[in-house]
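Q: Encoded as C-alpha cells, here's the structure I'll be asking about.
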Amino acid sequence: MSRVKNGIFKLFEPKKRNKEFSTKKLLGYSCEELYSVVADVKHYDKFLPFCKKSTVLAQPPGKIVANLEIGFPPVSDNYTSTVFLSEPHLVQAISCDGRLFDYLESCWCINRGLKSNPQSCIVDYSIKFSFKSVFYSRLAGLFFDSIVWQMQEAFLDEVGRRYGKPSIDTKELKLLNFDK
Numbered sequence: 001m002s003r004v005k006n007g008i009f010k011l012f013e014p015k016k017r018n019k020e021f022s023t024k025k026l027l028g029y030s031c032e033e034l035y036s037v038v039a040d041v042k043h044y045d046k047f048l049p050f051c052k053k054s055t056v057l058a059q060p061p062g063k064i065v066a067n068l069e070i071g072f073p074p075v076s077d078n079y080t081s082t083v084f085l086s087e088p089h090l091v092q093a094i095s096c097d098g099r100l101f102d103y104l105e106s107c108w109c110i111n112r113g114l115k116s117n118p119q120s121c122i123v124d125y126s127i128k129f130s131f132k133s134v135f136y137s138r139l140a141g142l143f144f145d146s147i148v149w150q151m152q153e154a155f156l157d158e159v160g161r162r163y164g165k166p167s168i169d170t171k172e173l174k175l176l177n178f179d180k
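Position 77 (the sequence shown) corresponds to 77 in the UniProt record's numbering; numbering is contiguous.
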C-alpha cells in the first residue's frame with residue numbers, strides 16, 4: 001500500500017515540466033510525399049491517434065492556422081496551432097493557447113535522401129512542450145515515449161497508405177554530440 005501511496009504522491013512532486021524528443025530517420029518516400037502528409041492538418045483527425053478534431057481556421061500563404069482537439073484519457077485539450085510551411089522541406093507547428101500546455105512546438109525538417117534514390121528523404125523530427133501543471137507533466141512522463149512513438153508511426157503509416165510501400169526500409173540515423 002505504501003508503494004502505491006508513494007507513487008501517487010510522486011505525481012505531485014515538483015519536477016521539470018518541459019519535455020523534448022528528437023529523431024532523425026532515412027525514409028523510403030520522397031520529400032514531397034512526406035511533406036504532403038505532415039502538412040495535411042485538415043485531415044489529422046482521420047489518421048492521428050489522439051487527434052479528435054482538426055479544423056483549419058485560416059490558410060494565408062506559407063502557413064495554416066488550425067484548431068485541434070486532442071485527447072487521451074484522462075487528458076484532453078483544445079488549442080490553436082499555427083503551422084508554418086515551406087514546401088517540401090519544413091512543417092513547424094507552434095501552439096500556446098491551450099489549457100494544458102504553456103507551449104507545444106513540433107518541427108519536421110525534410111531533406112533529400114540518397115542520391116541514388118529520389119524516392120527517399122531524411123527527416124529531422126522534434127517535439128518540445130511544457131505543461132502548465134506539474135501533475136500533467138508527471139502523468140505525461142509515464143506515457144511520453146509511447147505517445148510520441150504512436151504519433152510518429154501514424155504519420156509514416158499514412159504516407160504508406162497514400163503512396164504505397166516505401167522504396168527502402170526506414171533507418172534510424174544517429175545524431176553526433178560534440179562537447180565544446
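All residues carry an ideal CB built from backbone N, CA and C; glycine is no exception.
Within its chain, find whatever has a CB closer than 6 Å to the CB of PHE9; leave out the 5 residues flanking it on each side and keep chain order.
A: In this prediction, PHE9 has a pLDDT of 44, which is less than 50 and means its spatial position is unreliable; nothing more can be read from the coordinates.
Q: State the Cα-Cα distance for the pair TYR44 and SER54, rounded to the nearest angstrom.
A: 6 Å
Q: Three-state secondary structure (DSSP) at GLY28?
A: coil
Q: What is the C-beta distance between TYR159 and VAL37, in whole angstroms, given that I count them as a contact (C-beta under 8 Å)?
A: The sequence as given places Val at residue 159; Tyr does not occur at that position. That pair is a contact at about 5 Å.
Q: Given a cut-off of 9 Å, decide if GLU33 and TYR125 are closer than it, judged by their beta-carbon atoms.
A: Going by C-beta atoms, TYR125 is not nearer than 9 Å to GLU33.
Q: In whole angstroms, give me the CA-to-CA distance for VAL65 and PRO166.
A: 31 Å
Q: Which residues in the same chain have their Cβ closer than 6 Å to the Cβ of LYS5, if we skip the five residues on either side of it in sequence?
A: In this prediction, LYS5 has a pLDDT of 46, which is less than 50 and means its spatial position is unreliable; nothing more can be read from the coordinates.
Q: Please classify TRP108: is it buried, with 16 or more other beta-carbons within 10 angstroms of its beta-carbon, or exposed?
A: buried
Q: Please determine, among SER106, TYR35 and LEU90, the residue with the shortest C-alpha to C-alpha distance to ILE127.
A: SER106
Q: When you compare only the Cα positions, how much space is there between ASP77 and GLY71?
A: 6 Å
Q: So, are the CB atoms of ASP102 and PHE129 less than 9 Å apart?
A: Against a cut-off of 9 Å, the Cβ pair of PHE129 and ASP102 comes out as a contact.
Q: Could you tell me which uninterrupted beta strand (DSSP E) segments, each at least 3 residues in length, are contained entirely in the segment 106 to 163, listed from first to last along the chain?
A: 121 to 131
Q: Please state the DSSP three-state secondary structure of PHE47.
A: The answer is helix: DSSP assigns PHE47 an H, G or I state.
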